[in-house]
Structures are given as C-alpha cells and as structure tokens.
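Notes follow once the structure below has been shown.
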Amino acid sequence: MNALPQNKDMQDKYYIGYYDGERLIAVMDLIMNFPDEKTAFIGFFMTDVSIQNTGIGSGIIEDLCVCLAKIGISKVRLGWVKDNPQAEHFWHKNKFVEVGDFYDTDKYTVIVAQRYL
Ligand SMILES: CC(C)(COP(=O)(O)OP(=O)(O)OC[C@H]1O[C@@H](n2cnc3c(N)ncnc32)[C@H](O)[C@@H]1OP(=O)(O)O)[C@@H](O)C(=O)NCCC(=O)NCCS
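The sequence shown: position 109 = 1073 (the working numbering), numbered continuously.
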C-alpha cells in the first residue's frame, strides 16, 4: 500500500477502495504523473471475486479514464503478468495496447501496456 516508484512521493499516490454500500468490491493503486507529467500509472487493480466478470471492472476503468482525460492526462500506463489470460483479455478489452516493452522480476515477466485518452 505504500509502494512508490523512484522519485515519486505519497502526494502522487492514490490507493483507492471502491464500495458497494459498505462492501469493498475493488481496489486500485494509482500513481499520478508517472513516468511523465501527462501519464497516470495503474500499479494494481483487483475486483472482488464475487463481482468479477460482471462488467464492473471495465466500468471503473472507463470512468477513471474519462476523469483523467478531463484533468489533462493523455495516457494511462500499466503492466500485467505475462501469460495471465484474464489480465491480458481484460486490459485489451479496455483499450490498453502493449508498448513492446517488458521487464523481468524474480518470479515473472511483466508486459507494459498503455491507453491513449
Ligand atoms: C482482471 C479483473 C480486474 C477484471 O475485473 P472484472 O470486474 O472481472 O472485469 P469485467 O467483468 O469488466 O471483464 C472481465 C473480462 O475478463 C474475461 N475473463 C475472465 N476470466 C478469464 C480468463 N481466465 N481468461 C480470459 N478471459 C477471462 C471475462 O470474460 C471478461 O471479458 P468479456 O466481457 O469479453 O467476456 C478481475 O477479474 C481481477 O481482479 N482478477 C484477479 C486479479 C488480476 O488478475 N488482476 C490483474 C490486473 S493487473
């Protein structure tokens, strides 16, 4: 919850909970103006298993993109774990496209993608 890229501080970070009434149904980690001033970076996004595959995740991402565009952000960037078909399908469906870049961690490879707003 406190993870930050280099050269960013907590002022740039939003750790957002989405609620249906009192029930937490989704969580997002969002870093503003990273890696550049016009880009927002989604570090993490997950919906509760009870509401997955109902379109709520896509609705949240669409709303976020509309709001970010209104405040002058021109693209959203993120990464997904290679060979995770659920994540790949979800982000493609939400208009994210691979930038051709990837990086390796100890356990998996992360595919970098972005969406122009
Ligand atoms: C990925 C995730 C955020 C999507 O949220 P959601 O609320 O389920 O999203 P939606 O209902 O809008 O869309 C889900 C899509 O994934 C598809 N999907 C679900 N499981 C899948 C699988 N194993 N393989 C391929 N596609 C899959 C659904 O069919 C749906 O696509 P469709 O509308 O074209 O049929 C959510 O499922 C999640 O939190 N998963 C676990 C964590 C995770 O993998 N996070 C990766 C984000 S980096």
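Using N, Cα and C, we set each Cβ at its ideal position, and we do this for glycine too.
Rounded Cβ spacing between residue i and residue j (contact assumed at less than 8 Å)
i, j, result
"residue 1040", "residue 1078", "6 Å"
"residue 1060", "residue 1021", "Going by Cβ atoms, the distance from residue 1060 to residue 1021 rounds to 13 Å, so no, they are not a contact pair."
Short Cβ contact (8 Å threshold) for residue i with residue j
i, j, result
"residue 998", "residue 976", "yes"
"residue 1081", "residue 1051", "no"
"residue 1012", "residue 1028", "no"
"residue 1004", "residue 996", "yes"
"residue 1035", "residue 990", "no"
"residue 1002", "residue 1037", "yes"
"residue 980", "residue 994", "yes"
Sequence-distant residues of the same chain with beta carbon closer than 8 Å to residue i, five excluded per side
i, result
"residue 1062", "1075, 1076, 1077"
"residue 1026", "1058"
"residue 1044", "1051, 1052, 1055, 1074, 1075, 1077"
Same chain, Cβ closer than 7 Å to residue i, five either side skipped, listed in chain order
i, result
"residue 1073", "1046, 1066"
"residue 982", "989, 990, 1024"
"residue 973", "none"
"residue 1068", "none"
Neighbourhood of residue i by C-beta, 6 Å cutoff - its chain only, sequence neighbours within 5 removed
i, result
"residue 965", "979"
"residue 959", "Any property of residue 959 remains undetermined from this structure, which presents the chain solely from 965 to 1081."
For residue i: DSSP bridge partner residues
i, result
"residue 981", "991"
"residue 1077", "1042, 1062"
Completely contained beta strand (DSSP E) runs for the segment 995-1075, where each covers 3 or more residues: 1003-1011, 1039-1045, 1061-1068
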